[in-house]
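Residue numbers (numbering that gives the first Met the number 0): 0 to 136.
Using N, Cα and C, we set each Cβ at its ideal position, and we do this for glycine too.
Quick caveat: nothing in here was measured; it's all calculated off a predicted structure.
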Amino acid sequence: MNTNRLLLGTLTGFIGYFAAGGLLYTQVFHNMLATHNPGFASVQMEPNMVALVIGNLVAAFLLSYVFEKWASIRNMLTGALAGATIGLLVALSYDSMIHGTTTLMTWTGVMIDVLAYTLVSAVGGALVAFGLSYKRV
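The following block contains the structure:
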């Protein structure tokens, strides 16, 4: 496994996760999430940017590692599909546990968040694949 490719895939994926997440969570799905999640008002209004950067880097690294080490994904379309699949499973698992242990989310809110994270992960996966395929001989 090439460390430079892994880092480039992680960096390009991070850009996708951060940009798509910012757009989808603050613009596209914000009102729907607020409507369907009773605990939404208690969530901090000013995001912790360090935590967001770390979370997006880890998500991008996860896809980059899986694509490079096990799946040999180098095509942006395949990366988007694999990223969406992994994102859907991760979000559904995590959000279901949050719903089961807190009052922050409803099932509708869970499904909206899963949809949003699936789309974000599709963008991240496409850009991870792009980074992994860049100047590959």
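What's the C-alpha gap between residue i and residue j?
i     : j      : result
GLY20 : ALA79  : 15 Å
ALA18 : ARG73  : 21 Å
LEU61 : THR34  : 31 Å
PHE13 : LEU56  : 5 Å
ILE85 : LEU32  : 21 Å
ASN36 : THR105 : 6 Å
Between the beta-carbon of residue i and the beta-carbon of residue j, is there less than 7 Å?
i      : j      : result
THR102 : GLY38  : yes
VAL127 : GLY54  : no
ALA90  : TYR116 : yes
MET4   : LEU131 : Reading off the sequence, residue 4 comes out as Arg, not Met. Cβ atoms of ARG4 and LEU131: closer than 7 Å.
ILE123 : TYR16  : First, the amino acid is wrong: residue 123 is Gly here, not Ile. Cβ atoms of GLY123 and TYR16: closer than 7 Å.
MET75  : ALA121 : no
PHE129 : THR11  : yes
By a C-beta neighbour count over all protein chains shown, 10 Å radius and 16 as the cutoff for buried, is residue i buried or exposed?
i      : result
TYR133 : exposed
ALA40  : exposed
VAL119 : buried
ALA50  : exposed
SER92  : exposed
GLU45  : exposed
VAL109 : buried
SER71  : exposed
Please state the DSSP three-state secondary structure of residue i.
i      : result
ARG4   : helix
ASN74  : coil
PHE28  : coil
THR183 : Any question about residue 183 goes unanswered here, given that the chain covers just 0 to 136.
LYS134 : coil
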